[in-house]
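Student: Can you keep this structure in mind? I'll have questions shortly.
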Amino acid sequence: MKTKTILFLSVLVLGVVTYGVFQVIHPSHEQEMSQQYTCPMHPQIRKSAPGSCPICGMDLVLMTAMEDLPPSKVAGFATLQITPEQQWQIGVKKGTVIRRELTRHLRTFGSVAYDPGLYVAQREYLEALKTGKASGMTTFIEAIKRKLKLLGMTETQIQVLGQKKEVDESLFLTEGTGRAWIYAVIYESERPLIQEGLNVEVRTVGYPQKKYKGTVDAILPIVDPMKRSLTVRTEVEDKEGLLKPDMLMDVYIEIPLGEALTVPKSAVLQTGLRNIVMVDKGEGVFEPREVELGRPSEEFFQILSGLEEGETVVTSANFLIDSESQIRGAFSSSGGSDQGGHSHGQ
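48 is the number of the first residue of the sequence shown in my numbering; add one for each residue after it.
Right, dumping it as structure tokens:
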């Protein structure tokens with residue numbers, strides 16, 4: 048009896064030891080999954096032990112840690128977790144969603160006005176005023192006023208012309224007047240942005256160091272049917288008399304867009320159908336977010352929806368992060384387990 052007991056205990060111990068060794072050599076499927084490592088930026092890379100990603104060199108992380116991330120609300124994009132070291136490796140920079148005054152500078156081209164037509168029309172108007180009341184030329188005067196308006200003069204400017212009783216010589220010849228008219232071209236689609244009184248800066252190729260300041264004086268009401276463009280007229284000081292008729296100019300019109308919620312342009316990935324930003328949720332977690340854009344300035348986008356003031360977004364290495372977010376999103380939805388390498392094909 049004693050011998051049987053010893054034999055039974057020996058078999059039991061051997062079984063336990065064998066089972067333990069088997070578990071070490073052949074872990075269960077659940078254990079395998081819990082011990083798999085992957086790259087945060089290349090989810091198709093899966094290893095059974097810690098190491099580096101063969102594509103980007105980042106440290107691999109446990110699959111369980113990646114599976115704990117909150118699901119993305121943007122179809123086709125996945126939430127990512129990137130360690131501070133990995134962020135440094137790929138050059139991640141961040142910015143804050145803030146409200147600011149947006150200003151856009153519309154760059155266009157123009158020329159120094161040589162407008163004998165307007166010059167002659169002004170002279171005709173002044174001559175008509177001299178004899179109008181005496182000879183009953185009211186109808187003729189009104190006709191010339193309509194012509195002046197078509198040539199870009201406002202009602203106020205026409206009144207001032209009548210009070211001064213002298214033609215604007217700078218329309219015909221710039222020398223000696225101390226100022227010059229600049230005719231700039233804008234597209235029909237830009238017309239809603241332009242209004243009288245906007246600040247204008249003018250530069251010429253011949254004198255690139257010179258900057259001439261002025262304001263939008265008039266917007267001619269006639270649209271060029273071929274180019275779908277309009278003419279904007281501005282007056283600038285030219286005390287040195289450097290500007291000559293028909294001289295080509297670079298024209299910058301300052302357009303205030305008002306206060307708006309903004310992010311740097313580099314924060315937005317424009318896919319053609321959607322606009323995506325990566326929001327920093329803290330602890331290395333980056334969440335894809337779809338946003339609606341408003342008017343752009345040179346450096347910023349207006350945000351109409353999708354972000355809140357004070358949130359932090361990725362402003363550099365954004366394309367890389369967004370691309371890998373899409374890869375992970377596609378990979379997760381397909382449920383694939385490919386352990387091979389991945390080529391960006393670029």
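Note that CB positions come from ideal geometry on N, CA and C, so glycine has one too.
(1) Specify the secondary structure class of F187 as computed by DSSP and reduced to three states.
(2) Mind checking P311: buried by the 16 CB within 10 Å criterion, or exposed?
(3) Any idea if Q133 is buried or exposed, counting beta-carbon neighbours within 10 angstroms, 16 or more meaning buried?
(4) What's the gap between the Cα of P101 and the Cα of G157?
(5) Which class does Q42 belong to by DSSP, given the choice of helix, strand or coil?
(6) Using only CA atoms, which one of G261, G123, R238, I266 lies nearest to K196?
(7) Can you check DSSP and say which residues form a bridge with K260?
(8) Express the C-alpha separation of P335 and Q317 in angstroms, rounding to a whole number.
(9) Taking the C-alpha atoms as reference points, what is the distance between K211 and E339?
(10) Can you have a look at A314 and say buried or exposed, based on whether 16 or more other CB atoms are within 10 angstroms of its CB?
(11) Over the uninterrupted alpha helix (DSSP H) stretch that includes Q136, give me the two end residues.
(12) Is it the case that the Cβ atoms of D297 and R250 are separated by a distance below 7 Å?
(13) What do you reckon, are the CB atoms on L277 and I323 nearer than 7 Å?
(14) For the beta strand (DSSP E) that Y9 lies in, which residues bound it at each end?
(15) Applying the criterion that 16 or more other CB atoms from any shown protein chain within 10 Å of the CB defines a buried residue, is G253 buried or exposed?
(16) Whole angstroms is fine: what's the gap from E235's alpha carbon to V270's?
(17) Assign Q206 to one of two classes, buried (16 or more other C-beta atoms within 10 Å of its C-beta) or exposed (fewer than that).
(18) Within the same chain, show all residues whose beta-carbon is closer than 7 Å to that of F348, passing over the 5 residues directly before and after it, in chain order.
(19) Can you check which of these residues, P272, E306, H152, is closest to L245 by C-alpha distance?
(20) Helix, strand or coil: which one does DSSP assign to S363?
(21) Report the residue from Y166, G353, L149, K260 whose alpha carbon sits nearest the alpha carbon of K120.
(22) Measure the CB-CB distance between A227 and V279 and report whether it falls below 7 Å.
(23) Looking only at C-alpha atoms, which of D264, Q83, E189 sits nearest to I241?
(24) Taking DSSP as the reference, what is the three-state secondary structure of Y84?
(25) Return yes when the Cβ of P303 is within less than 7 Å of the Cβ of V159, no when it is not.
(26) For Q169, which three-state DSSP category applies?
(27) Could you tell me the boundaries of the beta strand (DSSP E) in which E301 lies?
(28) Please classify A122 as buried or exposed, where buried requires at least 16 neighbouring CB atoms within 10 angstroms.
(29) In or out: G357 buried (at least 16 other Cβ within 10 Å) or exposed?
(30) Per DSSP, which one or two residues make a beta bridge with E334?
(31) CA-CA distance, L351 and T126?
(32) Going by DSSP in three states, P343 sits in which element: helix, strand or coil?
(33) Under 7 Å, do T281 and G305 count as touching if we go by C-beta distance?
(34) Of the residues L208, P118, V108, A307, which one's Cα is nearest the Cα of R342?
(35) In the DSSP assignment, find the beta strand (DSSP E) that holds R146 and state where it starts and stops.
Tutor: Result, derived from the coordinates:
(1) In the sequence shown, the residue the question calls residue 187 occupies position 140. In this structure, F187 counts as helix in the three-state DSSP scheme.
(2) As a first step, residue 311 is located in the sequence shown; it is residue number 264 there, counting from the start. P311 counts as buried, since at least 16 other C-beta atoms from the protein chains shown sit within 10 angstroms of its C-beta.
(3) The count along the sequence shown starts at 1 and reaches residue 133 at position 86. A residue is called buried when at least 16 other Cβ atoms come within 10 angstroms of its Cβ; Q133 meets this threshold and is buried.
(4) Reading the sequence shown from its first residue, position 54 is the one you call residue 101. Reading the sequence shown from its first residue, position 110 is the one you call residue 157. If you draw a straight line from the Cα of P101 to the Cα of G157, it comes to about 56 Å.
(5) Here the chain has residues from 48 to 393 only, and residue 42 is not among them.
(6) As a working note, residue 196 is residue 149 in the sequence shown. Nearest option by C-alpha distance: I266.
(7) The residue given as residue 260 occupies position 213 in the sequence shown. In DSSP, K260 forms a bridge with E248.
(8) By 1-based counting over the sequence shown, the position of residue 317 is 270. By 1-based counting over the sequence shown, the position of residue 335 is 288. One C-alpha to the other measures close to 13 Å.
(9) Working through the sequence shown from its first residue, we reach residue 211 at position 164. Working through the sequence shown from its first residue, we reach residue 339 at position 292. Their Cα atoms are separated by approximately 52 Å.
(10) For the purposes of this step, residue 314 is taken as residue 267 along the sequence shown, with counting starting at 1. Under this definition A314 is a buried residue.
(11) The residue given as residue 136 occupies position 89 in the sequence shown. Counting along the chain, the alpha helix (DSSP H) containing Q136 begins and ends at 131 to 137.
(12) Reading the sequence shown from its first residue, position 250 is the one you call residue 297. Reading the sequence shown from its first residue, position 203 is the one you call residue 250. Contact: yes.
(13) To locate residue 277, count along the sequence shown from 1; it is residue 230. To locate residue 323, count along the sequence shown from 1; it is residue 276. Not in contact: L277 and I323 (Cβ atoms no closer than 7 Å).
(14) The question about residue 9 has no answer, for the chain in this structure spans 48 to 393.
(15) Against the sequence shown, residue 253 aligns to sequence position 206. Exposed.
(16) Numbered from its first residue, the sequence shown carries residue 235 at position 188. Numbered from its first residue, the sequence shown carries residue 270 at position 223. Take the alpha-carbon of E235 and the one of V270: they are about 7 Å apart.
(17) By 1-based counting over the sequence shown, the position of residue 206 is 159. By the neighbour-count rule (16 or more Cβ atoms within 10 Å), Q206 is not buried but exposed.
(18) Position 301 of the sequence shown holds residue 348. Cβ within range, chain order: T309, V310, K312, V315, L340.
(19) By one-based count along the sequence shown, residue 245 stands at place 198. The option with the nearest alpha carbon to L245 is H152.
(20) As a working note, residue 363 is residue 316 in the sequence shown. Strand at S363.
(21) As a position in the sequence shown, residue 120 is number 73, starting the count at 1. It is G353.
(22) As a working mapping, residue 227 is identified with position 180 in the sequence shown. As a working mapping, residue 279 is identified with position 232 in the sequence shown. No; because the gap between Cβ atoms is not below 7 Å, this pair is not in contact.
(23) For this step, residue 241 is matched to residue 194 along the sequence shown. Its Cα nearest to that of I241, the residue D264 stands out among D264, Q83, E189.
(24) As a working note, residue 84 is residue 37 in the sequence shown. In this structure, Y84 counts as strand in the three-state DSSP scheme.
(25) Mapped onto the sequence shown, residue 159 falls at position 112. Mapped onto the sequence shown, residue 303 falls at position 256. Pairing V159 with P303 gives a Cβ-Cβ distance that is not under 7 Å.
(26) Indexing the sequence shown from 1 puts residue 169 at position 122. Residue state, collapsed to three classes: helix.
(27) Working through the sequence shown from its first residue, we reach residue 301 at position 254. For E301, the enclosing beta strand (DSSP E) stretches over residues 295 to 311.
(28) On the sequence shown, position 75 is the one that residue 122 refers to. When all chains shown are included, A122 counts as exposed.
(29) Against the sequence shown, residue 357 aligns to sequence position 310. Label assigned to G357: exposed.
(30) Here residue 334 is taken as the residue at index 287 of the sequence shown, counted from 1. According to the DSSP secondary-structure assignment, E334 is paired through a beta bridge with V326.
(31) Translated into the one-based positions of the sequence shown, residue 351 becomes position 304. Translated into the one-based positions of the sequence shown, residue 126 becomes position 79. Roughly 23 Å between the two C-alpha positions.
(32) Translated into positions along the sequence shown, residue 343 becomes position 296. Note: P343 maps to strand in three-state DSSP.
(33) Here residue 281 corresponds to residue number 234 of the sequence shown, with the count starting at 1. Here residue 305 corresponds to residue number 258 of the sequence shown, with the count starting at 1. Not closer than 7 Å, so no.
(34) On the sequence shown, position 295 is the one that residue 342 refers to. Comparing alpha-carbon positions, the option among L208, P118, V108, A307 lying closest to R342 turns out to be A307.
(35) Walking along the sequence shown from the start, residue 146 turns up at place 99. Element bounds for R146: 145 to 159.
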